[in-house]
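Sequence order for the protein chains is V and H.
So for the first sequence, our numbering puts the first residue at 42; every next one is plus one.
So for the second sequence, our numbering puts the first residue at 42; every next one is plus one.
Number of protein chains: 2
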Amino acid sequence: MTHAWNQLLPRLQELADLNSTAALLYWDQAVLMPPKGAAGRARSTATLESIAHNRLTDPAIGELLNELAAEDSLEESQRATVRILKREYDRATKLPDKLVKELAQVTGVAYQAWTEAKPISDFAAFQPHLEKIVELKKEQADAIGFERERYDALLDMYEPGMTSTEVEAMFSQLTEGLAPVVDAVLGRAREDHEFLRGEYNDGAKEQLCRWLVEQLGFDTEGGRLDTSPHPFTSGIGLGDVRQTTRYANVGLMESLYAAIHETGHALYEQGLPAEWRDLPAGQVPSFGLHESQSRMWENQVGRNRCFTDWLLPHLKELFENELGTATPEEFHRAVNQPQRSLIRVEADELTYNLHIALRFELELALFRDELAVADLPDAWDEGMEKHLGVRPKSHAEGVLQDMHWSIGIQGYFPTYSLGTLYAAAFFAKAESELDGLTDDFRKGDTSRLLEWLRSNIHSKASLYEAKDLAEKVLGGPFSATPFVDYLKDKYRELYDLSI
Amino acid sequence: MTHAWNQLLPRLQELADLNSTAALLYWDQAVLMPPKGAAGRARSTATLESIAHNRLTDPAIGELLNELAAEDSLEESQRATVRILKREYDRATKLPDKLVKELAQVTGVAYQAWTEAKPISDFAAFQPHLEKIVELKKEQADAIGFERERYDALLDMYEPGMTSTEVEAMFSQLTEGLAPVVDAVLGRAREDHEFLRGEYNDGAKEQLCRWLVEQLGFDTEGGRLDTSPHPFTSGIGLGDVRQTTRYANVGLMESLYAAIHETGHALYEQGLPAEWRDLPAGQVPSFGLHESQSRMWENQVGRNRCFTDWLLPHLKELFENELGTATPEEFHRAVNQPQRSLIRVEADELTYNLHIALRFELELALFRDELAVADLPDAWDEGMEKHLGVRPKSHAEGVLQDMHWSIGIQGYFPTYSLGTLYAAAFFAKAESELDGLTDDFRKGDTSRLLEWLRSNIHSKASLYEAKDLAEKVLGGPFSATPFVDYLKDKYRELYDLSI
């Protein structure tokens, strides 16, 4: 190891410790913290982040990175670390302190305003806050810099290396490819499965989820499953990966599929290489890649007929009254039924990306100065008509439904769609390499899939950017085709369609 | 506010945030953390403490403290803050880095050695570790400095301002005062209460404890009750005070009285003044004072006949089978029965301080160079014979029973006894000021006591050193007499003795 690397390493370790601590503060806040602790926690978190920011922007780091850029004896993980750290260092040092603080302050107030405006559908009350945020995000993008397009600077924070041109191409391929499926599938009458409306006992739901996440490979010696209003997963550290689901006030399927989804995230975190735990190269390379794992376990595994056939008898053991009469086919149809909906978080596999396409188009137009915040509500409603053939009756179920814009993470939405597309492409590749993969699922055995993910994706961490890793895994360029094919196959079989 | 104070305040706020974060890391480790998270957590904690240490020992703090020492316009809370911070700053800057690191390293290894030596009663295996610790603790005491006695420098870390001379006087007053009680009470045959051996359902125990801590005034909007193998309380921050008890593998009384004890700690933390939350002056002044609150709620309230008479019917609602036939008198006798025991943590109110007196004598002798570590086991066994009239059959139930010495907190034990003595003295004072106080307990009403504690003790935080605060509350010097009188009254009534 080189002299410069030996000087950088303890700094990386300290940053890793601070990030791990910050992750615990957030996790605890979302899962356990008593309400009156909020003010103190906000301050502790801000203090910790300010310390981490100061450590990251220490000019000594810039000098070490320059030295290391000239080294040619670095290992792969070291080179990747230098690449990622340089991106983070440049971004952190380019942003004026004043802008960072203003963004934190403005989004704090805007989030509060959004929570008040949404229930009463009052876009006008939220509008000035969003206008200020868009203005600051433009400043932020300009300070960071970009090659072709301002929006790229924002996208790059969540999906490093990805550009709006690529995302635009992906969405048009997707919407074109899915158009015949959407027409054929969403025209059908909605099936009514009575067992979806059953009263499932919360304790039994918890027992089920605890059992299932372990079945899928989640290591409870190195992680936890808890509850929170919005399910999420947090890698506190390598031996401490925490996921949540929810039981109260939701149906069995919501508890179950949230747990499967989060297990996908958690398995990824638990599969990161221990020897790189302190290196930026040892982390997940992008939000889209992270989402690919959760989506794959939720959809390609969890909604696969082989898997639901295995799962149903286990559910019946706990819920004989509620599920006793459900047939394997009914159960599979129930967890795969698409519908036109207004709300993104309730959308199914087929329509989900159409919700995201709309948000991406609107964000792009905002940051190209082609759309004013004041015109967002109309643009939203028209976009819903175009993409999904439905029109919101209120802003609460329209332009105000998501919290993302209020907290200033413009550029994040596309990673959800990238995740679903990566998931389908990876799963198709895994199937082509692992004979009879889905047959394993009939026995509840997902171990060959997990091994494949471990060796092809998890163990690579951030050696490569997400897109490059995907190309390596797929042995060729990444596209929306596997996802479109996957959905066509699914609905063709389910509804006997010729698409 | 002065210029120097305005410069100090943000530093105090940052230190408070770091301390709060460290408290959460410890709490999570003891309550929730998955086993494989231990290594990462140890590092995060060390990093956080190292940052806090660097902030505290910044020479700028020393300069500000000097400026503020010369100010005469400071408020009471500011003056107290300067006094406490100066003590902390001096101690932190006097200790050589090498010694701090060596102590951390040596105690880490020694604790591990102790966990291995205790089950097999192998003092010889632990001896070299303890010898090294005592050597380093002497160095530490010498570096910090003291007026009369080396041990004072250690004691002072946990009970600021208290000296060994005072503790010695307290223990001799205590052992002399209690001698006739001990002779009279411990000579009696042990009563056998069958209901103490009942199988109490863990879920019902939890339901009971959750209800009881709220009855006593614990604010669950600003705190939590969880479980851990060793019950403890941690003030993460003002609106976030967390206590634990345990249900599994212990009897009902252990769950119950641990919860009442910890509630005493928690009420103290929840009663600290919000406006001083970031100031050293706004914290609890000593470990002994903290323990005074837990002991008072556990013993003076929880084992009082008026309280147990109120509690028993509530217990019977949940545990009809197990407790249905217990009379109020039997129940009260059961939770107040003293006995000669070998183990400190199982000791009752009467004998507990005798266990502590022994540990204090041994620690004092070690640090006066009057006793060698090698001679500790014999000295222990002789001391047990002298104080309690029993002799351990093994080192596991003798000199190796406590973890304290292995983690290097020599000087801590006396605070347990100080706590019990403060508790009795404060309670006697409260009774003298609040007419018919214990009659309130017959209705489960402890609100007048809590108000009295809030106004006389909690709200004062660290305006004064513990001893001075006690004198103010008591309106005169603090002594062991109220505690001795309290126990004499208790056992006179219980066993119809003439003591």
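The beta carbon of each residue, even a glycine, is placed where N, CA and C say it ideally should be.
Chain-order list of residues whose beta-carbon lies under 8 Å from that of residue i (same chain, five-residue window excluded)
{"i": "D99 (chain H)", "result": "R52"}
{"i": "R132 (chain V)", "result": "I185 and M198"}
{"i": "L403 (chain H)", "result": "L412, L417, A420, W421 and G424"}
C-alpha gap between residue i and residue j, whole angstroms
{"i": "V376 (chain H)", "j": "D422 (chain H)", "result": "28 Å"}
{"i": "V123 (chain H)", "j": "Y463 (chain H)", "result": "26 Å"}
{"i": "D319 (chain V)", "j": "A45 (chain V)", "result": "16 Å"}
{"i": "E157 (chain V)", "j": "H445 (chain V)", "result": "15 Å"}
{"i": "N497 (chain H)", "j": "A289 (chain H)", "result": "37 Å"}
{"i": "D267 (chain H)", "j": "P75 (chain H)", "result": "16 Å"}
{"i": "E371 (chain V)", "j": "K501 (chain V)", "result": "39 Å"}
{"i": "L392 (chain H)", "j": "R483 (chain H)", "result": "A small correction: the amino acid at residue 392 (chain H) is Thr; Leu does not occupy that position in the sequence shown. For T392 (chain H) and R483 (chain H), the distance between alpha carbons rounds to 28 Å."}
{"i": "E116 (chain V)", "j": "P518 (chain V)", "result": "26 Å"}
{"i": "E411 (chain H)", "j": "E172 (chain H)", "result": "14 Å"}
{"i": "V514 (chain H)", "j": "Q324 (chain V)", "result": "56 Å"}
{"i": "R381 (chain V)", "j": "L195 (chain V)", "result": "30 Å"}
{"i": "T522 (chain H)", "j": "G263 (chain V)", "result": "52 Å"}
{"i": "I397 (chain V)", "j": "R283 (chain H)", "result": "41 Å"}
{"i": "I125 (chain H)", "j": "Q54 (chain H)", "result": "15 Å"}
{"i": "E363 (chain V)", "j": "H373 (chain V)", "result": "16 Å"}
{"i": "E534 (chain H)", "j": "E240 (chain V)", "result": "57 Å"}
Cut-off 6 Å between Cβ atoms - residues of its own chain near residue i, not counting five sequence neighbours on either side
{"i": "P369 (chain V)", "result": "D350 and L353"}
{"i": "A166 (chain H)", "result": "A158"}
{"i": "T569 (chain H)", "result": "One cannot answer for residue 569 (chain H) here, as it falls past the ends of chain H, which runs 42 to 540."}
{"i": "A71 (chain H)", "result": "S269"}
{"i": "A64 (chain V)", "result": "S275 and I277"}
Nearest residue (CA-CA) to residue i, options the options
{"i": "Q451 (chain H)", "options": "H:H436, H:R400 and H:V291", "result": "H:R400"}
{"i": "L543 (chain H)", "options": "H:A367, H:L383 and H:A511", "result": "The shown model of chain H, from 42 to 540, leaves out residue 543 (chain H), and the question about it has no answer."}
{"i": "R82 (chain H)", "options": "V:A71, V:A80 and V:T62", "result": "V:T62"}
{"i": "H234 (chain V)", "options": "V:L73, V:L383 and V:Q378", "result": "V:Q378"}
{"i": "A367 (chain H)", "options": "H:V342, H:R381 and H:R238", "result": "H:R238"}
{"i": "F467 (chain H)", "options": "H:V440, H:G485 and H:R495", "result": "H:R495"}
{"i": "D243 (chain V)", "options": "V:T286, V:D281, V:K178 and V:D224", "result": "V:T286"}
{"i": "A469 (chain H)", "options": "H:G516, H:S503, H:Y453 and H:Q380", "result": "H:G516"}
{"i": "G312 (chain H)", "options": "H:T522, H:S447, H:T134 and H:H499", "result": "H:H499"}
{"i": "Y505 (chain V)", "options": "V:Y241, V:Q70, V:A322 and V:F273", "result": "V:A322"}
{"i": "F360 (chain H)", "options": "H:D526, H:F164 and H:E247", "result": "H:E247"}
{"i": "F408 (chain H)", "options": "H:L356, H:R191 and H:R533", "result": "H:R191"}
{"i": "L395 (chain V)", "options": "V:W155, V:F212 and V:K139", "result": "V:F212"}
{"i": "R251 (chain V)", "options": "V:M337, V:W155 and V:I301", "result": "V:I301"}
{"i": "S333 (chain H)", "options": "H:A220, H:F524, H:D69 and H:R231", "result": "H:F524"}
{"i": "P169 (chain H)", "options": "H:L140, H:V440, H:S327 and H:V414", "result": "H:V414"}
{"i": "P160 (chain V)", "options": "V:D443, V:D526, V:S473 and V:K531", "result": "V:D443"}
Close-in-space but distant-in-sequence residues of the same chain around residue i (CB under 7 Å, 5 per side omitted)
{"i": "A542 (chain V)", "result": "Any property of residue 542 (chain V) remains undetermined from this structure, which presents chain V solely from 42 to 540."}
{"i": "G329 (chain V)", "result": "E200, T456, L459, G460, Y463 and A507"}
{"i": "H94 (chain V)", "result": "A133"}
{"i": "G485 (chain H)", "result": "Q256 and W351"}
{"i": "A315 (chain V)", "result": "L279"}
Whole-angstrom C-beta distance between residue j and residue i, which should lie under 8 Å
{"i": "Y457 (chain H)", "j": "S275 (chain H)", "result": "About 18 Å; that fails the 8 Å criterion."}
{"i": "S335 (chain V)", "j": "E310 (chain V)", "result": "No, S335 (chain V) and E310 (chain V) are not in contact; Cβ-Cβ is about 11 Å, not under 8 Å."}
{"i": "T487 (chain H)", "j": "D480 (chain H)", "result": "12 Å between Cβ atoms; not a contact."}
{"i": "Y536 (chain V)", "j": "V226 (chain V)", "result": "7 Å"}
{"i": "I384 (chain H)", "j": "E438 (chain H)", "result": "6 Å"}
{"i": "G78 (chain V)", "j": "G280 (chain H)", "result": "5 Å"}
{"i": "V548 (chain V)", "j": "K529 (chain V)", "result": "Coverage of chain V is limited to positions 42 through 540, which leaves residue 548 (chain V) absent and any answer about it impossible."}
{"i": "P447 (chain H)", "j": "A151 (chain H)", "result": "For the record, residue 447 (chain H) in the displayed sequence is Ser; it is not Pro. So it is a contact: roughly 5 Å between Cβ atoms."}
{"i": "H331 (chain V)", "j": "H306 (chain V)", "result": "6 Å"}
Any non-hydrogen atom of the ligand PLP closer than 8 Å to residue i Cβ
{"i": "E200 (chain H)", "result": "No copy of the ligand PLP occurs in the structure displayed, which carries no ligand at all."}
> Pairing CB atoms from the segment 337-355 of chain V with CB atoms from the segment 214-232 of chain V, are three or more of them under 8 Å?
Replying inline: no
> Are the segment 258-268 of chain H and the segment 373-393 of chain H touching by the rule of at least three beta carbon pairs closer than 8 Å?
Replying inline: no
> Any chance the segment 137-157 of chain H sits against the segment 421-436 of chain H, with 3 or more Cβ pairs inside 8 Å?
Replying inline: Not touching, per the Cβ criterion.
> Does the segment 409-429 of chain V touch the segment 296-305 of chain V, meaning 3 or more C-beta pairs lie closer than 8 Å?
Replying inline: In short, these stretches do not touch, since the Cβ pair count stays below three.
> Are the segment 58-67 of chain V and the segment 70-89 of chain H touching, with three or more C-beta to C-beta distances below 8 Å?
Replying inline: yes
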